[in-house]
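The numbering used here puts the sequence shown at residues 71 to 320.
Idealized CB from N, CA, C, for every residue including glycine.
The next block holds one structure in the form of structure tokens; read it before the comments.
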Amino acid sequence: MPSAASDAARAPRIHCPQALAPGTALDLPPGAARHVQVLRLQPGAPVILFDGRGGEWRAVVQHMGRSDVQVRLESHDPIEREARRAVHLAVGMPANERMDWLVEKATELGAASIQPLLAQRSVVRLAGERAARRQAHWQGVAVAACEQCGRNRVPVVHEPQEFGSWLRALGDAPATGGERWVLSLDAGAGCAAPGQDGSEPLTLLSGPEGGLAPAEEAAARASGFRPLSLGARVLRAETAPLVALARWAQ
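So this is what it looks like as structure tokens:
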């Protein structure tokens, strides 16, 4: 017969953004409840819950109603699957559905946070309520990616900001600490790069289609961003930051 451990390994992972405690019965919030209902789980089925505060919880479905689902929390596993180095990604938003794909893959690759930017060459222009809706959508994409890939801490997807405003608010020293790098197509970017084995945080800035405008890159460099080249080939706006994450979010 399958062991409890093997059952847990096959159990669906569900984000439940509320404080969890062992031995308690919990009515899942609407989003998590819908997830369980879509999977057609029955009472007695194992699930894994994570609240974003670290580790994950083994739980069992107790009740499945028409609009409500109750689970019983059993035990907490303090396992972490985060990168040793926190990499904060600031990216000029690519057009169409490419930003969804970028958020999903950046989450899988371990981004600690994602800051969408409206740069001079950005095709997408967002503000007000529309920007807030897109932020909520992208945060949901990040949650779903965490459920799939095994992360227990959901990266924050910030509300889109205009590039200049974001850079001014960043100031001389980023709140995240660590190094600042801007992905650059400048032939003079040189071979400097973050160390592969480092553990201090990085802020990686990447432009939209066509890259950052020269004045924007110059402003970033004046704010402490060092130019970083990813090689001789020109990568797409949604590809370049993922290559950098795969290399430095270890």
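Are the CB atoms of residue i and residue j nearer to each other than 7 Å?
i: A316; j: P164; result: no
i: A319; j: G180; result: yes
i: L143; j: L90; result: yes
i: A160; j: P225; result: no
i: L187; j: G162; result: yes
i: N222; j: F120; result: yes
i: P343; j: A212; result: Outside the modelled stretch of the chain, which goes from 71 to 320, sits residue 343, for which no answer is possible.
i: V58; j: A129; result: Beyond the ends of the chain as shown, which are 71 and 320, falls residue 58; an answer cannot be given.
i: E217; j: R83; result: yes
i: E178; j: C219; result: yes
i: A263; j: L298; result: yes
Measure how close the beta-carbons of residue i and residue j come, nearest whole angstrom, since I'm counting them as under 8 Å.
i: Q185; j: W236; result: 7 Å
i: L274; j: V157; result: 6 Å
i: A125; j: H146; result: Residue identity differs from the one stated: residue 125 is Gly in this sequence, not Ala. Correct: roughly 6 Å between the Cβ atoms.
i: W208; j: M169; result: 7 Å
i: E174; j: A215; result: 5 Å
i: Q132; j: A176; result: With a Cβ gap of about 36 Å, Q132 and A176 do not count as contacting.
i: Q88; j: P100; result: Wrong, their Cβ atoms sit about 12 Å apart, outside the cutoff.
Based on Cα-Cα distance, which residue from the options lies nearest to residue i?
i: G277; options: P271, S269 and A314; result: A314
i: D267; options: R154, F295, M169 and G220; result: R154
i: G281; options: Q112, P264 and T309; result: T309
i: G93; options: G135, M134 and V141; result: V141
i: Q112; options: H85, G101 and A81; result: A81
i: L288; options: F233, V304 and V106; result: The displayed chain sequence assigns Ala, not Leu, to residue 288. That would be F233, whose Cα lies nearest to the Cα of A288.
i: A292; options: L305, A302 and G241; result: G241
i: M134; options: V252, S269 and V106; result: V106
i: P284; options: D256, L272 and C86; result: D256
i: H85; options: G198, G210, P148 and E199; result: G210
Taking its Cβ as the centre, do 16 or more other Cβ atoms sit within 10 Å of residue i, making it buried, or is it exposed?
i: E286; result: buried
i: S254; result: buried
i: A74; result: A caution first: A74 carries a pLDDT of 45, below 50, which makes its placement in the model unreliable, though a value can still be read off. By the 10 Å Cβ count, A74 comes out exposed.
i: L108; result: One point to set straight first is that residue 108 is Val, not Leu, in the sequence displayed. Under this definition V108 is an exposed residue.
i: E249; result: buried
i: A239; result: exposed
i: L300; result: buried
i: R136; result: exposed
i: A302; result: exposed
i: R203; result: exposed
i: V304; result: exposed
i: A206; result: exposed
Please confirm whether residue i has its beta-carbon closer than 7 Å to some beta-carbon of chain B.
i: L159; result: Protein chains in the displayed structure number just one, and chain B is not present.
Item to check | Ordered list of alpha helix (DSSP H) runs contained in the stretch 239-304, each at least 4 residues | outcome: 284-292
Checklist entry - Can you give, in chain order, each stretch of the beta strand (DSSP E) that sits fully within the stretch 139-200 and has at least 3 residues? => result 139-147, 157-162 and 183-188
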